[in-house]
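Structure, as C-alpha cells:
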C-alpha cells in the first residue's frame, strides 16, 4: 500500500514539473514576436560591395575608407570593401554583376568597355564611371651607369615591360611604340615589379617599367642599393599618346622621390578610378558620389594617397561613360 502511494506521489510530481517546463518554453516565442514585427517594418538597406585590391596595396585602405563614408553618410546603403585581384579582375566582376562598385585603373576600364586588349573576347558594356581618383605613374627605371638618357635610348636594350597580360605591359608597349620600339628591335621581357627590381640589381636587364604611385616600394628597393635614374617621357611623347589614348595624363615625378633622383622628371600616368554598374539606381550613385567628395577628409585620414582625390580632378582621364547619378552630381557642381 505504501509502495503504491509513493508511486502516485512520484507521478504527480513529474506531471507538475512537465507543465512548468512547457510554460517556460512558450515564453521566449511570445517575446520574439514584437522584434520580428519591428524587423519587417524597417526599410530594406541596399547592400553595396566595393572591390579593391590586395590587402597590402593602396586600393584596399582607400576602398575601406569609402565604405565607411558611405555607411556613415548615405542613408539606406550598407557598403563593404573586399580584397580582390585588382583592376582586370574587378572589371570582370562588375561585368558579371558580382559587385556594385570597384576600384581599377582608367586604362583597364577603357579596355573593358571597348572590348580591347585583355578584354577582346569579353567586352564589358555595363561598366560606368563614378570618379577618377589619383595618378598611377609610369616609371621607367634604369641605372645611371647604363647610359640611357632618353626613352629613345631604350631601343636595342633589355627592357622589362610588366607581367604578361598586365595593364603595365600594355602601357609600356604603347609608350615604346610611339618611338618605334617593339619586340623586333628590342629585347622585351615580361616581368612583374619585384622581378624588375631584382633584375636591375642583378644586371640582367637595362630598364624596366613600373606603373604605381610615387614613391613606390619596388623603385625605393632598387635605389637603396643602386644609383637609379628615371627616364623622362617628354611632352612630344605625351602628345602622341593622348591623341590615341585619352586615359593618359601628364605627371611630374618630384625631385627627391627616390634616393639619387635629384631633379623633377616628366612622365605620364594612368588614374585609379571608381566604377560601377550601369543598372545601379541613379539616386544611390548620386548620394555615394556626393558623400565621397563632401567627406573627402575622412578618406585622407585613412590614406595619404587620398590627398589627390579632388572634385576639380574627378573627371580628368575619365575613360568610360559616366553613370547618370555621378553625372547629375557633377552638373550640380558645374563640372559638366
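Residue numbers (this note's numbering): 1251 to 1586. Even for Gly, the Cβ is constructed at its ideal location relative to N, Cα and C.
Using a 10 angstroms sphere on the CB of residue 1355, the tally of other CB atoms reaches 16 or more, which defines it as buried.
Scanning 1552, 1458, 1549 for the CA closest to the CA of residue 1426 turns up 1458. Ranked by Cα distance from residue 1391, the first of 1312, 1460, 1504, 1538 is 1460.
Collapsing the DSSP output to three states places residue 1497 in coil. Looking at the backbone, the Cα of residue 1475 and that of residue 1455 are separated by about 16 Å. Counting along the chain, residue 1523 sits inside the beta strand (DSSP E) bounded by residues 1515 to 1527. By the Cβ rule, the stretch 1338 to 1346 counts as touching the stretch 1359 to 1375, because three or more pairs are nearer than 8 Å.
In this structure, DSSP gives residue 1511 a state outside helix and strand, which the three-state scheme calls coil.
Residue 1310 counts as buried, since at least 16 other C-beta atoms from the protein chains shown sit within 10 angstroms of its C-beta.
In the three-state scheme derived from DSSP, where H, G and I count as helix and E and B as strand, residue 1541 is classed as helix. Taking the CA atoms as reference points, residue 1313 sits about 10 Å from residue 1552.
Judged by beta-carbon spacing, residue 1329 lies beyond the 8 Å limit of residue 1340, meaning their Cβ atoms are not closer than that value. Inter-residue distance for residue 1472 and residue 1507 is about 13 Å (C-alpha atoms, whole angstroms). Distance check between residue 1554 and each of 1401, 1499, 1384 places 1384 closest, using alpha-carbon atoms only. Within the DSSP bridge table, the entry for residue 1385 names 1521 as partners. Note on residue 1402: under 16 other CB atoms within 10 angstroms of its CB, so exposed under the neighbour-count rule. Contact between the stretch 1502 to 1517 and the stretch 1558 to 1568 is not established, with fewer than three Cβ pairs separated by less than 8 Å. When DSSP states are grouped into helix, strand and coil, residue 1430 belongs to the coil group.
Residue 1479 and residue 1517 have their C-alpha atoms spaced approximately 13 Å apart. Boundaries of the beta strand (DSSP E) around residue 1458: 1457 to 1462. When the beta-carbon positions are compared, residue 1541 and residue 1323 come within less than 8 Å of each other. Around residue 1495, the same chain offers 1357, 1360, 1424 as residues with beta carbons nearer than 8 Å, after the five sequence neighbours per side are excluded. Shown here for residue 1428: same chain residues with a beta carbon closer than 7 Å to its own, the five before and five after excluded, namely 1487, 1490, 1491 in chain order. In the three-state DSSP reduction, residue 1297 falls in the strand class (E or B). Closest by C-alpha distance to residue 1416, out of 1462, 1301, 1532, is 1462.
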